[in-house]
Amino acid sequence: MSVKAKKYLGQHFLKDENIAKKIADTLSLKGYDDVLEIGPGMGVLTKYLLDKDTKTHVVEIDTESVDYLKNNYLNLSERIYEKDFLRYDFNLVFKGKSFAIIGNFPYNISTQIVFKTLEMRDQIPEFSGMFQKEVAQRICSKEGSKVYGILSVLTQAFYNAEYLFTVPPEVFNPPPKVDSGVLLLTRKENYTLPCDEKLFFRVVKTGFQQRRKTLRNSLKVFNLSDNLKANTIFGQRPEQLSVDQFIELTTLIENDDN
94 MSVKAKKYLG
104 QHFLKDENIA
114 KKIADTLSLK
124 GYDDVLEIGP
134 GMGVLTKYLL
144 DKDTKTHVVE
154 IDTESVDYLK
164 NNYLNLSERI
174 YEKDFLRYDF
184 NLVFKGKSFA
194 IIGNFPYNIS
204 TQIVFKTLEM
214 RDQIPEFSGM
224 FQKEVAQRIC
234 SKEGSKVYGI
244 LSVLTQAFYN
254 AEYLFTVPPE
264 VFNPPPKVDS
274 GVLLLTRKEN
284 YTLPCDEKLF
294 FRVVKTGFQQ
304 RRKTLRNSLK
314 VFNLSDNLKA
324 NTIFGQRPEQ
334 LSVDQFIELT
344 TLIENDDN
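Numbering (our numbering), first residue to last: 94 to 351.
Here it is, written out as structure tokens:
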């Protein structure tokens, strides 16, 4: 019995054992005892995770895949969650403990998986996964790059992001139309920001919504004082600012006497 990939779930099953093992080996397994795999499908990555010294958990929304895993990975059956990762509260499973995230992520929800990880960053010291190549590159890109954007800044504010390797379409069933890329996120030692974090998220998102404009124009919604707008940082476009400069920008806005 095998599972049929479902287009509406964005499923592309990895069939290359070497790549599965390579992805499983990207995690350092330091600082946590549990690993959560998102979208295991038929468990090609799962079996390599089960060889590790950590406890593997999987979350899978596809009933057919869940049945397959329960029948083929008996030692995992208690830790298979038939849930939607984006909507389920994993504190019910991990009770505040740290855990790593790994997976061959469905392309259609991959960026939402990153945003949910950022919300849960207190518990997630490490994150490794396969994305559409251009999304993985965007997450890891630095200021000055054309693909640098909201996802890059928000992720790198809390994690060190490293693009690891590219995976060709033919190792999947069915093959996607694009290359895939595997990345590793390692949480920074100090992952709290020295500014208002909600304001930081707002500033970054607002700035990039009109990425061709200078920040002086794109951040008008914040009703900045003329004195603050005279600061040279506002003459730049959002993709020119590093993460640290976005933090500095947020602090300036926070302390503005307008």
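Glycine included, every Cβ here is placed at the ideal spot set by N, Cα and C.
**OP:** Leaving aside the five residues before and after V336 along the sequence, list all residues of the same chain whose C-beta is less than 7 angstroms from its C-beta, in chain order.
**Re:** V246, Q249, A250
Subject >> Nearest to P268 (by Cα), restricted to the options H105, S95, V96 >> reply: H105
**OP:** Name the two residues that bound the continuous beta strand (DSSP E) containing T149.
**Re:** 148-152
**OP:** Take every Cβ of the stretch 209-228, pair it with every Cβ of the stretch 273-293, and state whether three or more of those distances are shorter than 8 angstroms.
**Re:** yes
Original post:
Roughly how many whole angstroms lie between the Cα atoms of I243 and K298?
Top reply: 6 angstroms
Original post:
Under 9 angstroms, do G189 and K226 count as touching if we go by C-beta distance?
Top reply: no
Original post:
Do the stretch 106-118 and the stretch 170-189 touch if we need at least three Cβ pairs shorter than 8 angstroms?
Top reply: no
Subject >> Residue from K239, V186, F258 whose Cα sits closest to the Cα of S221 >> reply: F258
**OP:** Report buried or exposed for D350, applying the criterion of at least 16 other Cβ atoms within 10 angstroms of its Cβ.
**Re:** exposed
**OP:** List the endpoints of the continuous alpha helix (DSSP H) containing L338.
**Re:** According to the sequence provided, residue 338 is Gln. The question's Leu does not apply to it. Counting along the chain, the alpha helix (DSSP H) containing Q338 begins and ends at 336-347.
Original post:
In the structure shown, what three-state DSSP assignment does I195 receive?
Top reply: strand
Original post:
In the stretch 259-303, which residue ranges form an unbroken alpha helix (DSSP H) of at least 4 residues, counting only runs that do not cross its ends?
Top reply: 290-302
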